[in-house]
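Below is one structure, written out as structure tokens; comments come after it.
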Amino acid sequence: MSQRTIKWGILGCGGISSTFAKDLRLAEGAELTAVAARSLEKAEQFAEQHGFARAYGSYEELFNDSEVEIVYVGTIHPLHKEQVLACLHAGKAVLCEKPFTINEAEAREIAQLARDKKLFVMEAMWTRFLPPIVRTREWLKQGLIGDVQLVKADFGFDAGWNPEGRLLSKEQGGGALLDAGVYPVSFASMVYGEQPKSIQSSAHIGETGVDERFSLLFEYDGGRTAMLNGAVRLSLTNDAHIFGTKGYIHIPNFLFSNKASLHVQGQDPVTVEDNRQFAGYKYEAEAAMACLRSGMLENEDITLDETVGIMETMDRIRKQWGLVYPSEQGE
Numbered sequence: 001m002s003q004r005t006i007k008w009g010i011l012g013c014g015g016i017s018s019t020f021a022k023d024l025r026l027a028e029g030a031e032l033t034a035v036a037a038r039s040l041e042k043a044e045q046f047a048e049q050h051g052f053a054r055a056y057g058s059y060e061e062l063f064n065d066s067e068v069e070i071v072y073v074g075t076i077h078p079l080h081k082e083q084v085l086a087c088l089h090a091g092k093a094v095l096c097e098k099p100f101t102i103n104e105a106e107a108r109e110i111a112q113l114a115r116d117k118k119l120f121v122m123e124a125m126w127t128r129f130l131p132p133i134v135r136t137r138e139w140l141k142q143g144l145i146g147d148v149q150l151v152k153a154d155f156g157f158d159a160g161w162n163p164e165g166r167l168l169s170k171e172q173g174g175g176a177l178l179d180a181g182v183y184p185v186s187f188a189s190m191v192y193g194e195q196p197k198s199i200q201s202s203a204h205i206g207e208t209g210v211d212e213r214f215s216l217l218f219e220y221d222g223g224r225t226a227m228l229n230g231a232v233r234l235s236l237t238n239d240a241h242i243f244g245t246k247g248y249i250h251i252p253n254f255l256f257s258n259k260a261s262l263h264v265q266g267q268d269p270v271t272v273e274d275n276r277q278f279a280g281y282k283y284e285a286e287a288a289m290a291c292l293r294s295g296m297l298e299n300e301d302i303t304l305d306e307t308v309g310i311m312e313t314m315d316r317i318r319k320q321w322g323l324v325y326p327s328e329q330g331e
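With full-length UniProt numbering applied, the sequence shown covers 1 to 331.
Okay, here's the thing in structure tokens:
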């Protein structure tokens, strides 16, 4: 029995949208219906490259396309709130790229409107749906490593010095925390199922006024902790470890998660591998479509409440650094 086809629109034609579109073509039951950019020429090139039926030179045309059921928002994060709200007002479900918004207030506004309009919205935290991460959650649920006491996760890369580029631009919501740090922060949230009770942090603020690297220590009830690092001008190991009272889980290069290994005291290690030949965004697209087909308004693996909580945690961190983005000045 074939599944109901879901008609997709994509907002924004940058690199992340291109990666998503390539994987979307592999997702069962996905129809590539329309793409929109601020430039019609760019949208047409994107549509031709990835096989979309229609291209629009304005976002409003996509909002008004009655055939589009769900929109993937792949623009820069200062634009997310405005664009997701516009999608919701147009009656569209949304899969919004991470970070979901600039701050917690924006995320909460989206969540409220989605619930008011009874429309599906999900943060595109694609790593949650990779097979090794899914298996990791199963191991944790089964209690195989006992009570988790410590989470360690790093994600950092050296993007080089480009003060005009998005990663280092304060106006475009740049910086290590929002762009790279959302992954380890979200990973800790996934493992513990809650946000930290207290946060200690340190950041190097570069010449452009954004954080180029950071270190975090999260503390939870019962002495549990998370040690997290992120960077956009420094390469890190990008590994994740979860340590419990009976063993530990190791996920090398956890962002891309091709493998995870379970180490239980007194037992041989167990390793799961995912030898996919694609980026991995296919899984989140299929998860979103499964929710639409079943009438769910949220995905239980990354709920709106958790997304809002993650943004609140990152607000708490930035407050310690005194880092405020221009788009927040009027809020």
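The beta carbon of each residue, even a glycine, is placed where N, CA and C say it ideally should be.
Whole-angstrom distance between ALA30 and MET1, CA atom to CA atom: The predicted position of MET1 is uncertain, since its pLDDT is 46 and thus under 50; no value can be drawn from it.
Given GLY15, which residues of its chain have a CB within under 8 Å of its CB, disregarding the five upstream and five downstream residues? Shown here for GLY15: not one same chain residue has a beta carbon closer than 8 Å to its own, the five before and five after excluded.
Would the beta-carbon of ILE302 fall within 8 Å of that of GLU123? Contact flag set, yes.
Report the start-end ranges of each beta strand (DSSP E) in the stretch 229-266 that is 3 residues or longer and not cut off at the edges. Taking only runs of at least 3 residues, the beta strand (DSSP E) segments lying wholly in the stretch 229-266 are 240-244, 247-251 and 259-264.
Considering only residues of the UniProt domain "GFO/IDH/MocA-like oxidoreductase" (135-249), which uninterrupted beta strand (DSSP E) runs meet the minimum length of 3 residues and lie entirely inside it, listed in chain order? Counting whole runs of 3 or more residues, the UniProt domain "GFO/IDH/MocA-like oxidoreductase" (135-249) contains the beta strand (DSSP E) stretches 148-156, 198-205, 211-219, 225-231 and 240-244.
Counted within 10 angstroms of its Cβ, other Cβ atoms place ASN229 as buried (16 or more) or exposed: Counting of Cβ neighbours within 10 angstroms places ASN229 among the buried residues, the total reaching 16 or more.
Going along the chain, which residues of its own chain have a beta-carbon closer than 7 Å to the beta-carbon of ARG293, five neighbours each way excluded? Cβ-Cβ distances below 7 Å link ARG293 to GLN3 and ARG4 in the same chain, with the five nearest sequence neighbours on each side left out; the list follows chain order.
Between GLU286, LYS22, PHE20 and ARG233, which has its C-alpha nearest PHE157's C-alpha? In terms of Cα proximity to PHE157, the closest of GLU286, LYS22, PHE20 and ARG233 is ARG233.
Backbone secondary structure at LYS98 - three-state DSSP: Coil, per DSSP.
Can you tell me whether SER327 is buried or exposed? The criterion is at least 16 other CB atoms within 10 Å of its CB, across all chains shown. Buried, because 16 or more other Cβ atoms sit within 10 Å of the Cβ of SER327.
Can you say whether ALA53 is buried or exposed, counting buried as having 16 or more other CB atoms within 10 angstroms of its CB? It counts as exposed.
Give me the Cα-Cα distance between LEU262 and THR271, rounded to the nearest whole angstrom. Straight-line spacing of the CA atoms in LEU262 and THR271 works out to 6 Å.
Beta-ladder partner(s) of TRP8, from DSSP: TRP8 pairs with LEU32 and ILE70.
What are the boundary residues of the beta strand (DSSP E) that VAL84 is part of? In the DSSP assignment, VAL84 falls outside any beta strand (DSSP E) and within the unbroken alpha helix (DSSP H) covering 80-89.
Grab me the residues of LEU103's own chain with a C-beta within less than 7 Å of its C-beta, minus the 5 sequence neighbours each way, in chain order. Per the sequence shown, the amino acid found at residue 103 is Asn instead of Leu. The beta carbon of ASN103 sits closer than 7 Å to those of MET311, ASP315 and GLU328, all from its chain and outside the five residues before and after it, given in chain order.
Proximity below 8 Å, CB of SER18 to CB of LEU130: One thing to note: SER18 has its Cβ no nearer than 8 Å to the Cβ of LEU130.
Please tell me whether PHE46 and ALA55 are closer than 8 Å, where the distance is taken between their beta carbons. In contact: PHE46 and ALA55 (Cβ atoms closer than 8 Å).
Alpha carbon to alpha carbon, how far is ILE205 from ALA287? Give it in angstroms, no decimals. Spanning the two alpha carbons is a distance of roughly 37 Å.
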